[in-house]
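**Student:** Residues are numbered in our numbering as their position in the sequence shown, beginning at 1, plus a constant of 837.
Ideal Cβ placement from N, Cα and C applies to all residues, glycine included.
Note that the coordinates shown come from a computational prediction; the quantities given were computed from them, not determined experimentally.
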Amino acid sequence: MNVKVIYRSRKGHTAMVAEEIAKHCGTEALDITEPHTLGETDLLFIGTGIYNSRPDELLMDYLDQLPVNKIRGAAIFCTAGKGIDATGLLVSILEHKGITVYRQRFCCRGRHLWRSKGHPNEEDLQAAGEFADKVLRAFQG
Ligand SMILES: Cc1cc2nc3c(=O)[nH]c(=O)nc-3n(C[C@H](O)[C@H](O)[C@H](O)COP(=O)(O)O)c2cc1C
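Structure (structure tokens):
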């Protein structure tokens, strides 16, 4: 199974989670703002920071422009100051393209000013790894 991990991270919090997920998938985490090739993908993990209760605009534009029929399935993760998922717009974009999105999404806290200091921490990263394992099992089975 061809598994890839892409992310958009302004301050590095989502990047940390992406690295952990990529480690569990035996691949590298790809920053969408750096040169990369995606190609045919069976399962795409997609990560973003939450800004003003929305996923990052750059990531949404990127997903809008993804060619149809290149990606089979996707799983979404995010970091947010409040630790509350706000990635519903990503699900809409992906499903509109006929991409199956894993029903559960992962979100952990990411530090913002005084809020959520020290996050993502070890526990958050462990939970992210467990999420990756669960998604992998679901798509392999
Ligand atoms: C301008 C700005 C707006 C933000 N808006 C929210 C928000 O609406 N809800 C929330 O939970 N966190 C919010 N945050 C905190 C980020 O979601 C958090 O720091 C996240 O970990 C950033 O991820 P990144 O470092 O991967 O970009 C905001 C942060 C900034 C800088």
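With a threshold of 8 Å, are at least 3 pairs of Cβ atoms found where one atom belongs to the segment 866-880 and the other to the segment 915-930?
**Tutor:** Counting Cβ pairs under 8 Å, fewer than three are found: no touch.
**Student:** R946 and D961 look like a contact to me (Cβ under 8 Å); what is the Cβ gap, rounded to whole Å?
**Tutor:** 7 Å
**Student:** When the Cβ atoms of the segment 869-876 are set against those of the segment 935-942, are three or more pairs found closer than 8 Å?
**Tutor:** no
**Student:** Whole angstroms are fine: how far does the CA of S890 sit from the CA of Y899?
**Tutor:** Cα-Cα distance, rounded: 19 Å.
**Student:** Could you tell me if the beta carbon of Y899 falls within a distance shorter than 7 Å of some heavy atom in ligand 1?
**Tutor:** no
**Student:** Tell me whether R940 is buried or exposed, calling it buried when 16 or more other Cβ atoms sit within 10 Å of its Cβ.
**Tutor:** exposed
**Student:** Check this for me: beta carbons of E857 and G955, under 8 Å apart or not?
**Tutor:** no
**Student:** Can you give me the C-alpha to C-alpha distance between K971 and F914, rounded to a whole angstrom?
**Tutor:** 13 Å
**Student:** For chain C, find out if any of its Cβ atoms is closer than 8 Å to the Cβ of I908; answer yes or no.
**Tutor:** The displayed structure is made up of one protein chain only, and chain C is not part of it.
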